[in-house]
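In the numbering used here, the protein residues as written are 1 to 265. Positions of the beta carbon are idealized from the N, C-alpha and C atoms, including for glycine. Read through the structure below, which is laid out as structure tokens, and then see the notes.
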Amino acid sequence: MYIDSHCHLNFGAFSKDWQEVTDDCVKAGVEKMIVVGADLETSQKAIEICQKHPALFAAVGVHPHHASGEFDVEKLKQLAQNKKVVAIGETGVDYHVYQKSKYPSTALRINPEMKNRQKIIFGQQIQLAKTLKLPLIIHNREANENALDVLEHFCKDDGIYPAGVFHCISGSKKLLQKILALDFYVGVDANITYSQEVQTLVADSPLEKILLETDAPYLTPSRDGSRNTPQSVKMVAQEIARVKHLPENLVIKQTSTNAQRLFKL
Ligand SMILES: [Zn+2]
Ligand SMILES: [Zn+2]
């Protein structure tokens with residue numbers, strides 16, 4: 001059994017056929033999927049579709065792309081208490097500057113104010129994860145150790161860090177070592193098939209700390225702009241096995257155990 005620990009079946013790309021896509025995944029051996037919200041609306045949608053399908057579990061959170069909008073932490077807390085919710089996220093920091101973006105008013109402007117705003121709402125969600133004892137799904141793109149700095153700021157006083165995953169792992173070996181030292185998991189997507197950086201990070205991560213994910217509809221392995229689906233976890237597992245010189249079956253089994261342990265699926 002495979003588990004896709006991070007996909008967006010709640011997004012527009014799947015609005016017409018998420019049910020069919022999910023059924024096909026289950027038939028193909030991807031038996032559990034975590035549907036991740038990026039703002040209050042898509043978090044609500046994640047819960048809605050998860051309530052309709054036993055293979056789906058929800059994560060609720062506000063992505064750094066949406067940091068400039070209103071953020072109602074009480075509303076997020078309410079959503080997070082739904083039975084289908086297994087994590088807070090995705091949330092974190094993202095300093096990537098897009099050439100083209102569907103969020104022209106926000107993502108294109110990565111100025112000090114935006115960076116600060118991202119850290120504030122990430123901090124609120126770290127605290128929520130701690131309060132509700134839910135794991136965190138952390139998005140950390142081109143922000144080096146900023147996500148860790150924010151985590152430390154909110155956790156070092158009481159010494160209690162939430163459990164969680166650095167999804168779509170990227171960055172330096174040094175960053176990876178710090179992530180692992182805090183006992184966080186590492187999420188691996190199909191960009192492992194073409195990214196030397198990801199392959200290096202995976203080679204350096206213990207299998208017991210790796211989760212399969214797809215970020216579908218994004219990060220299509222072929223990079224041709226077509227819609228990705230949770231079924232590409234198979235390719236991710238295959239590539240992890242190749243990079244780590246391990247039997248593929250072991251990778252499939254252990255990553256599923258990891259996801260079940262972290263998210264209590
Ligand atoms: Zn992300
Ligand atoms: Zn995502």
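1) For the beta strand (DSSP E) holding residue 140, just list the boundary residues, first then last.
2) Could you have a look at residue 94 and say whether DSSP puts it in helix, strand or coil?
3) If you follow the beta strand (DSSP E) that residue 32 is in, where does it begin and where does it stop?
4) Looking only at its chain, what residues have a beta carbon closer than 6 Å to the beta carbon of residue 251, apart from the 5 residues adjacent to it on each side?
5) Compute the Euclidean distance between the alpha carbons of residue 193 and residue 7, then round it to the nearest angstrom.
6) Sorry if obvious, but does the Cβ on residue 215 come closer than 7 Å to a heavy atom of ligand 2?
7) Using only CA atoms, which one of 145, 131 and 202 lies nearest to residue 163?
8) Check each candidate in 151, 209 and 214 and name the one with the smallest Cα separation from residue 257.
9) Is residue 90 near ligand 2, judged by its Cβ being under 7 Å from some heavy atom?
10) Could you round the C-beta distance between residue 91 and residue 121 to whole angstroms and report it? I think they count as a contact, below 8 Å.
11) Using 10 angstroms around the beta-carbon of residue 203, count the other beta-carbons present and answer buried if the total reaches 16, otherwise exposed.
12) Could one say the Cβ of residue 252 lies closer than 8 Å to chain B's Cβ atoms, at least one of them?
13) Taking all protein chains shown into account, do 16 or more other C-beta atoms lie within 10 angstroms of the C-beta of residue 114, making it buried, or fewer, making it exposed?
14) Can you name, in chain order, every residue of its own chain whose Cβ lies under 7 Å from the Cβ of residue 18, other than the five neighbours on each side?
15) On the premise that residue 169 lies in contact with residue 125, defined as a C-beta separation below 8 Å, what is that separation, rounded to the nearest angstrom?
16) At a cut-off of 7 Å, is residue 96 close to ligand 2 when judged by its beta-carbon and the heavy atoms of the ligand?
Reading it off the structure:
1) Looking up residue 140 in the sequence shown gives position 140. That run of the beta strand (DSSP E) goes 136 to 141.
2) Taking the sequence shown and counting its residues from 1, the one referred to as residue 94 is at position 94. Strand, per DSSP.
3) To locate residue 32, count along the sequence shown from 1; it is residue 32. It spans 30 to 36 - the beta strand (DSSP E) in which residue 32 sits, taken as one unbroken run.
4) Stepping through the sequence shown from its first residue, residue 251 is reached at position 251. Only 237, 240 and 241 meet the Cβ criterion.
5) By 1-based counting over the sequence shown, the position of residue 193 is 193. By 1-based counting over the sequence shown, the position of residue 7 is 7. Going by the C-alpha atoms only, they are around 18 Å apart.
6) Working through the sequence shown from its first residue, we reach residue 215 at position 215. Relative to ligand 2, the nearest heavy atom lies less than 7 Å away from the CB of residue 215.
7) In the sequence shown, the residue the question calls residue 163 occupies position 163. Of 145, 131 and 202, the residue nearest in Cα terms is 131.
8) Your numbering for residue 257 matches position 257 in the sequence shown. Answer by Cα proximity: 209.
9) Here the question's residue 90 lines up with position 90 in the sequence shown. Residue 90 Cβ: within cutoff of ligand 2.
10) By 1-based counting over the sequence shown, the position of residue 91 is 91. By 1-based counting over the sequence shown, the position of residue 121 is 121. At roughly 7 Å, the Cβ-Cβ gap stays under 8 Å, so residue 91 and residue 121 are in contact.
11) As a first step, residue 203 must be located in the sequence shown, where it is residue number 203. Looking at its Cβ environment, which holds fewer than 16 other Cβ atoms inside 10 Å, residue 203 is exposed.
12) This model lacks chain B altogether; it includes just one protein chain.
13) As a position in the sequence shown, residue 114 is number 114, starting the count at 1. Label assigned to residue 114: buried.
14) The residue you call residue 18 lines up with position 18 of the sequence shown. Within the same chain, residue 18 has close Cβ partners 9 and 49.
15) Along the sequence shown, read from residue 1 onward, the residue named residue 125 stands at position 125. Along the sequence shown, read from residue 1 onward, the residue named residue 169 stands at position 169. Contact check for residue 125 and residue 169: beta-carbon distance about 19 Å, past the 8 Å limit, so the pair fails to qualify.
16) Start at 1 with the first residue of the sequence shown, and residue 96 comes out as number 96. Annotation for residue 96 indicates a beta carbon at 7 Å or more from all heavy atoms of ligand 2.
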